[in-house]
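Quick note on this note's numbering: the sequence shown kicks off at 7 and runs consecutively.
All C-beta atoms in this analysis are idealised placements derived from N, C-alpha and C, irrespective of residue type, glycine included.
Just so we're clear, the structure is a prediction, and the values are computed from it rather than from any experiment.
What follows is a set of notes on a single structure, which appears directly below.
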Amino acid sequence: MTRQFDRSAEDVGNIITLEHVNTLIPDQSQAHLFYISGMGFTRDPYVDFGMRNMWVNLGRQQFHLPVGEPQVVRGVVGLVVPSLQTLEKRLEAVSEKLAETQLAWQRVNGRLDVTSPWGNRLEVHERGAFGRMALGMPYVQFEVPLGTTPGIARFYERVLAAPAEHVSGNNGELARVRIGFEQTLEFRETDAPQPDFDGHHIAIYLADFSGPHEWLDERGLIAEESNQAQYRFNHIVDPDSGERLFEVEHEVRSLSHPMYGRPLVNRNPEQSLSNYVRDNDAFSG
């Protein structure tokens with residue numbers, strides 16, 4: 007007897023992965039305390055920028071943290087870690103040294119909402135909340151002006167060829183964009199005042215790299231022609247009207263980019279000198 011499968015469940019859109027979120031930070035020592043000692047992530051051991059930048063690995067994604075005037079994502083970054091309990095213990099251990107910063111955390115609906123020393127908001131979920139992801143960045147959610155989410159969904163679906171939907175519910179209006187199998191890019195409407203865009207960016211990889219570039223270039227929306235395998239744009243526009251709906255820099259890379267699919271080193275944050283276990287240095291998951 008022939009087995010029946012839903013083959014469409016294996017389909018992905020044109021955005022293959024969301025690789026990193028980039029925000030400036032003013033102090034590498036505080037960034038190390040928060041992202042490495044506190045959150046339990048891993049400083050990339052291979053790409054070294056000295057004291058002007060640091061890359062932080064979490065599963066298959068990264069935070070990029072150049073030194074400068076601090077930037078704050080206009081929304082929240084969703085994360086997955088193996089254990090919220092051990093995460094809280096690590097944050098408590100670094101809290102005294104970060105007491106003069108905005109560091110804070112609280113349990114909310116089964117997750118841990120963490121505020122970074124500079125005000126970036128992280129929604130941290132425990133392993134199992136997002137399928138097979140044991141450590142990583144399942145979503146980034148931006149807060150956008152009222153009335154913009156239908157046009158934002160049209161932009162990602164028509165211009166970037168990514169499956170997108172506009173959702174209306176008790177929590178307001180939302181545009182959700184599917185990225186690969188495990189990630190989403192989300193836009194939630196709010197009536198709160200919009201802070202000025204400060205230059206933070208996200209990095210995405212596209213299978214069809216030239217098609218979106220042509221559409222954006224024809225409308226004067228390319229912000230940077232970086233190199234053969236990368237360009238940038240800032241403005242999300244309604245493809246029907248051309249209205250600019252929201253601004254966030256997109257670093258767009260092709261699948262020939264040398265960083266695509268690069269294996270990332272992830273340590274086991276439970277290892278320490280006092281409870282060291284041989285052959286348990288690397289994160290398993």
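Paired residues, beta bridge with residue i - DSSP
{"i": "F148", "result": "G81 and F193"}
{"i": "G56", "result": "For G56, which the question treats as bridged, DSSP gives no partner whatsoever."}
{"i": "Y237", "result": "V258"}
{"i": "V114", "result": "R117"}
{"i": "V86", "result": "H131 and G142"}
{"i": "R250", "result": "V243"}
{"i": "Q67", "result": "L64"}
{"i": "L24", "result": "I210"}
{"i": "V183", "result": "A170 and L191"}
{"i": "V271", "result": "Note: V271 sits in no beta bridge, so no partner."}
{"i": "T48", "result": "N63"}
{"i": "E230", "result": "R238"}
{"i": "V73", "result": "I31"}
Spatial distance of residue i from residue j (CA atoms)
{"i": "P72", "j": "Q10", "result": "50 Å"}
{"i": "L85", "j": "H241", "result": "25 Å"}
{"i": "S122", "j": "V165", "result": "33 Å"}
{"i": "F215", "j": "R127", "result": "31 Å"}
{"i": "E231", "j": "Y237", "result": "5 Å"}
{"i": "E102", "j": "V130", "result": "21 Å"}
{"i": "R133", "j": "L191", "result": "20 Å"}
{"i": "A5", "j": "V53", "result": "Residue 5 falls outside the range modelled here, since the chain spans only 7 to 291, and no answer is possible."}
{"i": "E249", "j": "H172", "result": "17 Å"}
{"i": "L30", "j": "N281", "result": "34 Å"}
{"i": "G74", "j": "P269", "result": "28 Å"}
{"i": "F40", "j": "A140", "result": "20 Å"}
{"i": "P218", "j": "R184", "result": "16 Å"}
{"i": "V179", "j": "F69", "result": "Residue identity check: residue 179 is Glu in the sequence provided, not Val. Using only the alpha carbons, I get a separation of about 28 Å."}
{"i": "R58", "j": "P76", "result": "13 Å"}
{"i": "V83", "j": "H207", "result": "12 Å"}
{"i": "S43", "j": "K95", "result": "11 Å"}
{"i": "V87", "j": "P199", "result": "32 Å"}
{"i": "D223", "j": "T92", "result": "47 Å"}
{"i": "H38", "j": "P51", "result": "13 Å"}
{"i": "G116", "j": "A170", "result": "27 Å"}
{"i": "S174", "j": "Q189", "result": "20 Å"}
{"i": "Y211", "j": "D12", "result": "26 Å"}
{"i": "R138", "j": "E16", "result": "15 Å"}
{"i": "L279", "j": "T8", "result": "56 Å"}
Among the options, nearest to residue i - alpha-carbon criterion
{"i": "G19", "options": "H206, A168, R259 and A135", "result": "A168"}
{"i": "P264", "options": "R117, S290, N233 and N286", "result": "N233"}
{"i": "V100", "options": "T48, Q36 and N115", "result": "Q36"}
{"i": "D287", "options": "S280, N281, L279 and N274", "result": "N274"}
{"i": "T48", "options": "I210, V271 and R184", "result": "V271"}
{"i": "R225", "options": "N115, P32, F239 and A235", "result": "F239"}
{"i": "N176", "options": "R259, E188, L261 and E195", "result": "E195"}
{"i": "V114", "options": "A15, L90 and S43", "result": "L90"}
{"i": "E3", "options": "P51, A209, Q189 and G291", "result": "In the structure displayed, the chain extends from 7 to 291; residue 3 sits before or after that span and is not available."}
{"i": "V79", "options": "R66, Y145, L261 and H38", "result": "Y145"}
{"i": "G142", "options": "G46, A229, W221 and E220", "result": "G46"}
{"i": "G267", "options": "Q67, T8 and E16", "result": "Q67"}
Proximal residues to residue i (C-beta, below 8 Å), its chain only, five neighbours per side dropped
{"i": "Q277", "result": "V283, N286 and D287"}
{"i": "P32", "result": "V73, G74, E75, P76 and W124"}
{"i": "S290", "result": "N274"}
6 Å CB neighbourhood of residue i in its chain, flanking five on each side removed
{"i": "G81", "result": "Q147, F148 and E149"}
{"i": "G56", "result": "none"}
{"i": "G186", "result": "V18, I22 and T23"}
{"i": "W111", "result": "L97, L118 and V120"}
{"i": "F193", "result": "F148, V150, T155, I158 and A181"}
{"i": "L227", "result": "F239 and H241"}
{"i": "F136", "result": "V86 and P144"}
{"i": "W221", "result": "V165"}
{"i": "A229", "result": "R238, F239 and N240"}
Contact set for residue i: own chain, Cβ-Cβ below 7 Å, skip 5 residues either direction
{"i": "D197", "result": "L152"}
{"i": "Q34", "result": "M57, M60 and V73"}
{"i": "A235", "result": "R259, S260, S262 and H263"}
{"i": "A1", "result": "With the chain covering only 7 through 291, there is no way to say anything about residue 1."}
Pairs of beta-carbons, one from the region 61-71 and one from the region 21-28, closer than 8 Å: are there three or more? yes
Can you find at least 3 beta carbon pairs, one from the region 245-259 and one from the region 155-170, that sit closer than 8 Å? yes
Three-pair Cβ contact test at 8 Å for the region 106-123 versus the region 144-156: no
Does the structure place the region 252-259 close enough to the region 192-205 that three or more beta carbon pairs sit under 8 Å? yes
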